[in-house]
Structure formats: structure tokens, C-alpha cells
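Undergrad: Encoded as C-alpha cells, here's the structure I'll be asking about.
This is the structure:
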């Protein structure tokens, strides 16, 4: 039975939705033996019927086609589209030397981590089409690229929709064959309608914009000119306190295109006195681009010039890093992932501008692009390291600046969730959420998808385990404070409200894979939130994270930085994004 919103067309059962557009279209479907089904988009009338774009959802044929339909709604001709997708919005013209596409459409890949270790607690889900069982499909047709996401996997069977295949028209469910087909949870959205909401900033914060341009996804703070006041570094510029209106280049500045480019110089940025001369230096960690690795910029100690640059870590695979004192020597180390390993690195005090000393704390295969944290999990006073696959226990120090035997003891625990072949968070918080004296873990589950959770630490006769408590899931679930946003790529933790308990700061990295539809809801508000940690015995696990909006037009980069810049007792937030560089000045609590 079909209501007036659907227009059945006989023969093959083509159900037209009289709502023009190209997606995204989402549905659950089940196709029994003998059925053939799919979704039609951009249907246009022709002299003999219709034409349009067709995504076949019949195993093993999951692929995009240009099709012709007769007056009865039967597909009478179809041609496989040339393959397309990935990190672009508009596919280039066809290569005249390319071979015709054949067979089933392939899945979009990542950066080739290689095989996963056998004892890993988190593996990609089976995203193949399950014949005779329920499946989910999301289709985005923007510009000339058809993107299909089957069963929460990566891109599969996408194609390039040339204009003559169909430019504008309704979408439809297409059913034929002898087997039963069922659809449910059908939803769609007008992809061409953009909504910009008025800018809002929390009354707890005052916004100051330092730059209008896209230079960096990371920032830091230090007293770079030795005047006793903290300065901010974001990408190529130092902004000098106390008013942060004057700036100077660390290196030659050049902007990136917010729509089509990643930052070329800074995915994450950290500050400390790495050379031991008493002046704070800067390191830039680059995940991709022409200068992958970690570059050290040495403070010229008051000389008004650009800083000398040294490559100190050549291999770097993670978009996330953490600067913490891992080995207890009073100096911070860079914790990161590279070549499939979890690592930390530090300068040799005798030659700090030469390649740093690298400590590999994991076996091969545990390094990821997303999610890293540092904190004392087991309460022995030593810093442990976390990532999406669990935590590594720091052994007793071996002396001579060593943190002990390597690799460290690994404890499996899934601190992430897969979606579209990606998983893992940003900076992971390691702190006591519920006040029971045990450090818990707070983390984003998928920085290019959805999800935020805290993991309650439990003890049983000395054995450590974790219980997941969801905070923010996706658009179909109940979420803390009714707040939900995708691509929560930047995070940190700090005591934002001054109650002595760390809070979790997190925001959206707008156009995280550039201006395309590779990730869900890329045009959603560029929000920045802090989640107040509330110790509530009545809440699951005895704690909850309550969201408060900081701003809805800035978002984050690969991380976000929190410190008390002006020493007024209130936490300030620095974020640098595709929209520029911003300080959100915290308001001191009443005395």
C-alpha cells in the first residue's frame, strides 16, 4: 500500500518520490532470493519513458549506472559509469586512455595500515551486501560524483554521473524479479539547501579573532619573547600578548584553500624548550603534504627574523599527537604513531636539532591515524599511553632516561568505533570522571563520523576493564543535551569551569576531508563545545558529560588548545581552523 507521497509505476515496481533532488538518500533494505532492487536518482522524462542514475543493490552487483526506462518503469538499457569518488567534489573529465570499468565496484580505501594484529579488539565490520538480510545504504549524488556507503563501510561502487545521464528529478525505489524486497528507515535531504544559523558564543566566553585565514590545524602557547606574558603560536605566526594584536612569522606564511586543500605546514603544533637554551621552541607535526614528519623551529632568542628549521622526526602517520612528560624526566615528549607503531620521541640534549630519539612502545600494526592519549591508567604513578585499540602499561624505568623495556605491556580495549572504514578519536582524555579514584578514558569514537563516549574503569581483583557510556552517538539516537555533530576531530581536556574536575573540549573539523561528501554532514555547523564533567551517582557509571556550546561558527582543527593565557584563573580556548584563528577568553568565576 502506498500513500499519496508515492507514485507507483507498473511493470518493474518503480516508486517515485515527488521530491526532486539528489540526496543524501538513506534506507535499510532486505532483498530475498530472486529479487533485484536499487535506487534511481535524477529521473528525467524522455519521449519514451525516463532516464537517470541507478545504484544497483543486488549482490554481487553494487554499482552505479546510467539507465533508460520505458513508459512502464522498466529498465531497458544500462551502462556502468566510470568509477569515481574519494576526496574531491567534482570528478575531472575522463582519461582517454583509461580502460572501461568492469565488475563490481571497489571500496574506498585508507592509508594502507597493513594486516591487523591477531589480538586487536576492534576490526572493521563486514560491509558486504548481505543477501536475504537487512542492509543499510546511504547514497550521495553531488555535482557529478555518486557515493555509496553500504553497511557503514567505505565507498563502494561509486561512479561519475555525466550531465546527459540525468541532471534533475526525483529519486525512486526500483524493484523487479521474483523475490520479496523490503525497505524501511527511508530518509532523504535536499543536498543543495544550505542553512547558516546566527553565530552564538557562550556568555562564559569572549571571542577574539587573531586571523581571518586558514594556515593551521594546531596551536600552542609560550612566552616566546621573554616578556613574562604568554603568546600564541598558530601556524606560521606568533601573536604576542597581552593584546595579541601584533604578530611575527616563524616561517614564511602561505594560506591554504579552505575548500580544496589541507593545511600544508601544520596538522598539530606544540611548544616547549626543546633545545635547552631557556627559550621556547615550536614543533610542527605534519600527517600529509609535501613535508611529512615533525619539524623543529628553533627560537632565535630575541632576533627579529624567521626561525631555523630542522627535520627531527621523518616518519609520522597520525593526525593526532600529544606532548606530555612520559618518562618522568621533567621534560615533555611527543607521543604519536608512525610506520604502524605507537611511539614517543624526545631530543638528545647534546644535539637537539638532529633526529630525535624514538621509543617504540607497541608491536607492529597498532599505529593508527586517529586517537592518542597519555595518563596513569593503573595508578602506579607512571604515564601510560592509550589509542583506539587499548592502552600500553609503562614498565619500571630502566635508568639513563629510558622508560623501561620496550615494547610496553599491551592491554586490549576498543576505545573507538568504525564508520566508513575509519575509526579513532582525537586527543583522548585520561581522568577520573565519576570520582571513584580511578582514571577513566574520554574519547571521540570516530573523528570522521560520529560518536563520543567515556569509558568507566573497573577493577576486579587487580584486573582492569572498562565499561562504555555513550555521550553522543548519531542523528538516530538519544544524545546528552540533544547535542550531536559529525567529524568531532579536535579535542582536549581541561578544567574549563574551575570546579577542580577536568572537562572535555571537542569540536567539529568543518570540511574535514575538504569540501566533498566523503564524510557525513560536512556542512553541519562548525561547533565547539565543552562537556562539563558532572559526578552524579544516579547517572550510569556515576558520572555524566553535559554539553555547553562555546561557539557555533569556528569549530576545531586536528586538535584544540586550552590554557589560562592571561593568568586570571579562567581557562581560555585557542582554536585554529579553516575559518581562521580564535581565542575564547574564559570568564573568571566570582570570588
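Numbering (my numbering), first residue to last: 1 to 591.
The beta-carbon is built from N, C-alpha and C at its ideal position, and this holds for glycine as well.
Measure the C-alpha to C-alpha separation of residue 368 and residue 49 and round it to an integer number of angstroms.
TA: Cα-Cα distance, rounded: 50 angstroms.
Undergrad: Give the range of the beta strand (DSSP E) segment to which residue 221 is assigned.
TA: Residue 221 -> beta strand (DSSP E) spans 219-222.
Undergrad: For the beta strand (DSSP E) holding residue 98, just list the boundary residues, first then last.
TA: Neither: residue 98 is in no beta strand (DSSP E) and is coded neither H nor E.
Undergrad: Let me know if residue 503 comes out buried or exposed under the rule of 16 or more other beta-carbons within 10 Å of its beta-carbon.
TA: That one is buried.
Undergrad: Answer yes if the stretch 446-461 comes into contact with the stretch 499-516, meaning at least three C-beta pairs across the two stretches below 8 angstroms, and no otherwise.
TA: A contact exists between the stretch 499-516 and the stretch 446-461.
Undergrad: DSSP beta-bridge partners for residue 335?
TA: Residue 335 is bridged to 322, 344.
Undergrad: Kindly indicate which three-state DSSP category residue 562 falls into: helix, strand or coil?
TA: The answer is strand: DSSP assigns residue 562 an E or B state.
Undergrad: Rounded to whole angstroms, what's the CA-CA distance from residue 175 to residue 123? Just pull it up for me.
TA: Computed Cα separation, rounded: 34 angstroms.
Undergrad: Counting along the chain, where does the beta strand (DSSP E) carrying residue 469 start and finish?
TA: Run containing residue 469: 463-472, per the beta strand (DSSP E) assignment.
Undergrad: Would you check if the distance between the CB atom of residue 265 and the CB atom of residue 286 is smaller than 8 angstroms?
TA: Their beta carbons are under 8 angstroms apart, which means residue 265 touches residue 286 by this criterion.
Undergrad: Hey, quick one: how far does the beta strand (DSSP E) through residue 194 stretch, first residue to last?
TA: It is not in any beta strand (DSSP E) - residue 194 carries neither H nor E in the DSSP assignment.
Undergrad: Go ahead and pull the three-state DSSP assignment for residue 164.
TA: Helix.
Undergrad: Curious, which full-length beta strand (DSSP E) runs of at least 3 residues does the stretch 235-259 contain?
TA: Listed in chain order, they are 237-240, 246-249.
Undergrad: When burial is assigned at 16 or more other CB atoms within 10 Å of the CB, is residue 187 buried or exposed?
TA: Residue 187 comes out exposed.
Undergrad: At which residue ranges does the stretch 268-329 contain complete beta strand (DSSP E) runs of 3 or more residues, listed in the order of the chain?
TA: Counting whole runs of 3 or more residues, the stretch 268-329 contains the beta strand (DSSP E) stretches 268-272, 281-286, 293-298, 308-313, 322-324.
Undergrad: So, does the stretch 371-378 touch the stretch 427-444, judging by three or more C-beta pairs under 8 angstroms?
TA: In short, these stretches touch, since the Cβ pair count reaches three.
Undergrad: Could you tell me the boundaries of the beta strand (DSSP E) in which residue 151 lies?
TA: Where residue 151 is concerned, there is no enclosing beta strand (DSSP E), given that its DSSP letter is neither H nor E.
Undergrad: Where are the beta strand (DSSP E) runs, 3 residues long or more, that stay fully inside the stretch 358-420, in chain order?
TA: If we require 3 residues or more, the beta strand (DSSP E) runs fully inside the stretch 358-420 come out as 372-375, 384-387, 390-393, 409-412.
Undergrad: Using a threshold of 8 angstroms, state whether the C-beta atoms of residue 407 and residue 119 are closer than that.
TA: In this structure, residue 119 does not lie closer than 8 angstroms to residue 407 by Cβ.
Undergrad: Can you say whether residue 133 is buried or exposed, counting buried as having 16 or more other CB atoms within 10 angstroms of its CB?
TA: It is exposed - the Cβ of residue 133 has fewer than 16 other Cβ atoms within 10 Å.
Undergrad: Using the C-alpha atoms, what's the distance from residue 565 back to residue 80?
TA: Computed Cα separation, rounded: 58 angstroms.
Undergrad: Please return the same chain residues whose Cβ sits closer than 8 angstroms to the Cβ of residue 226, not counting the five positions on each side in sequence.
TA: Here the set comprises 279, 302.
Undergrad: Determine, using beta carbons only, whether residue 414 and residue 424 come nearer to each other than 8 angstroms.
TA: For residue 414 and residue 424, no; Cβs fall outside 8 angstroms.
Undergrad: Leaving out the 5 sequence neighbours to the left and right, which residues in its chain are closer than 6 angstroms to residue 214 when beta-carbon positions are compared?
TA: Cβ within range, chain order: 255, 256, 258, 578.
Undergrad: Under the rule that 16 or more other beta-carbon atoms within 10 Å means buried, what is residue 606, buried or exposed?
TA: Any answer about residue 606 is impossible in this case: the structure gives the chain only from 1 up to 591.
Undergrad: Does DSSP put residue 482 in a helix, a strand or coil?
TA: Three-state result, residue 482: helix.
Undergrad: Look at the alpha carbon of residue 29 and the alpha carbon of residue 296, and state the distance between them as a whole number of angstroms.
TA: Between residue 29 and residue 296, the C-alpha separation is close to 53 angstroms.
Undergrad: State the start and end residues of the unbroken beta strand (DSSP E) segment that holds residue 529.
TA: Element bounds for residue 529: 528-534.
Undergrad: Taking Cβ positions, are residue 27 and residue 185 nearer each other than 8 angstroms?
TA: Result yes, Cβ atoms of residue 27 and residue 185 sit closer than 8 angstroms.
Undergrad: What are the boundary residues of the beta strand (DSSP E) that includes residue 180?
TA: No beta strand (DSSP E) contains residue 180, which DSSP labels as neither H nor E.
Undergrad: For residue 392 versus residue 362, is the C-beta distance shorter than 8 angstroms?
TA: Against a cut-off of 8 angstroms, the Cβ pair of residue 362 and residue 392 comes out as a contact.
Undergrad: Report yes or no: do three or more beta-carbon pairs, one from the stretch 553-565 and one from the stretch 531-539, lie closer than 8 angstroms?
TA: Not touching, per the Cβ criterion.
Undergrad: Would residue 244 and residue 583 qualify as a contact pair, given that the criterion is a beta-carbon distance under 8 angstroms?
TA: Yes; because the gap between Cβ atoms is below 8 angstroms, this pair is in contact.
Undergrad: Can the beta-carbon of residue 343 be found less than 8 angstroms from the beta-carbon of residue 322?
TA: Their beta carbons are not under 8 angstroms apart, which means residue 343 does not touch residue 322 by this criterion.
Undergrad: Tell me the rounded alpha-carbon separation between residue 400 and residue 382.
TA: Below a pLDDT of 50, predicted positions are generally treated as unreliable, and residue 400, at 46, falls in that range; no measurement from the model is reported.
Undergrad: Judging by CA-CA distance, which residue of 454, 156, 160 is the nearest neighbour of residue 89?
TA: The candidate whose alpha carbon is nearest that of residue 89 is 160.
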